[in-house]
Amino acid sequence: MRPEKQGIEATIHDQRGLKSGSYIPFKQYLQLKVIWDRRLDCVDAPKGLGVLEVYVTATNWLAQCTTFKNYLESMGGSTDVVPAMGVFRIPFEHQTTVRNFKFSQGSASVEAINEPVVNNSLVDLLMAICTEHPELQSMKSTSQQVAFAANFGQNRKETKMTCHTDGVLVSRSSSQTELILEVKARVREEHEPAVTYQEAAELVCALSMSPPQGMKRSQAILISQDSTELYITKAVASDEYIAFLSGKENPNDESGFLRIKQWGPWDIESRLETKNFVSVVLALMLQAASEESERCRVRPRMS
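Numbering (the working numbering), first residue to last: 39 to 341.
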């Protein structure tokens, strides 16, 4: 169907009173000009995310990490919890609560309790990884609802779209945003299509802002947890799409659209899937830390 048949003949730069990315309507979502590749195989995530070599390093390190191995062993469903989980004990407890909530969902009160716990489950897992790995002491995860914004027109107030994330992974030294975090109380299918619109808007806003609050101009990565399901989503922007964000171009075909790829789900009910997910995330963190170190090395010193 042609765009004008969908009611999107005007570009997003022509719109006024844009809705928040958390509640983005279908028409506004279409005007973001994004294309999704959904539910890609988890096995292909390291290559697709560009961290294949680092992934091997991450996997080998985790295989030697006693606290992480004890954490995984405790996930078997037994009432016996393996001691000496260290910092992984905190996300373990939150994940146990999330798994229990999954079987009692249905009421608004349960869901209201569940989403903050899901958020803690994800944020604390990432923080445990940062705390345990010696090369990640410069990184931290936080549940702070960071605001990202995209300004699409000359009137910055009327053509501004704002998104609030459920958390971020940031550099302690430069405050550079490395990963966006988003959570939902229930499994992803029960939040569709709104969650797809929201995550696309968050990635667009993160790409629109300059570092350190914004992400790299060419790509942005989002990690999400929907109940017990984990996803990793990567947006890759061409030069044409970056120009579109600033109002200089209006891509007429898919080659100029924002490409969004999503791997998952990994499920925290599975010991193997949790291990594989953490391996991928650790690889992303190590690569981010390495790039941050290189930026600091080449940054000119103040005289």
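All C-beta atoms, glycine included, are put in the ideal place defined by N, C-alpha and C. Quick caveat, the model's predicted, so the values are computed rather than measured.
Rounded to the nearest angstrom, what separates residue i and residue j at their Cα positions?
i, j, result
"Pro303", "Gln236", "18 Å"
"Thr234", "Asn152", "20 Å"
"Thr271", "Pro250", "20 Å"
"Pro129", "Asn189", "37 Å"
"Lys254", "Cys334", "16 Å"
"Glu311", "Met113", "11 Å"
"Glu287", "Ser276", "12 Å"
"Ser60", "Ala239", "8 Å"
"Val225", "Lys178", "26 Å"
"Ser262", "Gly205", "10 Å"
"Val94", "Ser212", "27 Å"
"Glu220", "Asn157", "8 Å"
"Met199", "Leu68", "14 Å"
"Gln102", "Asn108", "11 Å"
"Leu174", "Leu160", "17 Å"
"Arg76", "Gln300", "5 Å"
"Asn138", "His229", "19 Å"
"Thr105", "Gly124", "6 Å"
Less than 8 Å between the CB atoms is what I'm expecting for residue i and residue j, so what's the real figure, rounded?
i, j, result
"Leu78", "Gly88", "So it is not a contact: roughly 14 Å between Cβ atoms."
"Thr197", "His51", "7 Å"
"Ala185", "Phe126", "That pair is no contact at about 30 Å."
"Ala122", "Glu216", "The Cβ separation is near 29 Å, so there is no contact."
In this structure, does DSSP put residue i in helix, strand or coil?
i, result
"His229", "coil"
"Ser256", "coil"
"Asp305", "strand"
"Leu56", "coil"
"His51", "helix"
"Ser341", "Low confidence applies here, because Ser341 scores a pLDDT of 40, under 50, leaving its location unreliable and the question unanswered by this model."
"Asp264", "strand"
"Val208", "strand"
"Cys334", "helix"
"Gln44", "For Gln44, the predicted model reports a pLDDT of 43, less than 50, meaning its position is unreliable; a value from the coordinates is still stated below. Three-state result, Gln44: helix."
"Leu324", "helix"
"Gln251", "coil"
"Gln66", "helix"
"Val274", "strand"
Looking only at its own chain, which residues have a Cβ that is under 7 Å from the Cβ of residue i, when we skip the five neighbours before and after it?
i, result
"Pro289", "Lys71, Glu278, Tyr279, Phe282, Phe295"
"Glu111", "Val120"
"Ala321", "Pro84, Val89, Val92, Tyr93, Ala96"
Got a sec? Which residues, its chain only, sit under 6 Å from residue i by beta carbon, not counting five neighbours each side?
i, result
"Glu330", "Ser209"
"Trp74", "Ile298"
Return the first residue and the last residue of the beta strand (DSSP E) that residue i is part of.
i, result
"Val120", "That residue, Val120, is in no beta strand (DSSP E); it is neither H nor E in DSSP."
"His202", "198-202"
"Phe186", "185-189"
"Ser218", "Before going on, a small fix: residue 218 reads as Ile here, not Ser. It spans 215-222 - the beta strand (DSSP E) in which Ile218 sits, taken as one unbroken run."
"Met177", "177-180"
Any heavy atom of the ligand ZN closer than 7 Å to the CB of residue i?
i, result
"Thr312", "Here there are no bound small molecules, and the ligand ZN is not part of this structure."
Tell me the residue span of the alpha helix (DSSP H) that contains residue i.
i, result
"Asp75", "Note, Asp75: premise wrong, no alpha helix (DSSP H); beta strand (DSSP E) at 72-78."
"Asn290", "Premise fails: Asn290 is in no alpha helix (DSSP H) and is neither H nor E."
"Gly350", "Because the chain is modelled from 39 through 341, residue 350 falls outside the range shown and cannot be assessed."
"Val94", "90-101"
"Leu110", "104-111"
"Pro129", "127-140"
Quick one: residues in its chain with C-beta nearer than 8 Å to the C-beta of residue i, no 5 flanking neighbours on either side, listed in chain order?
i, result
"Ala187", "Lys198, Met199, Thr200, Cys201, Cys243, Ser246, Met247"
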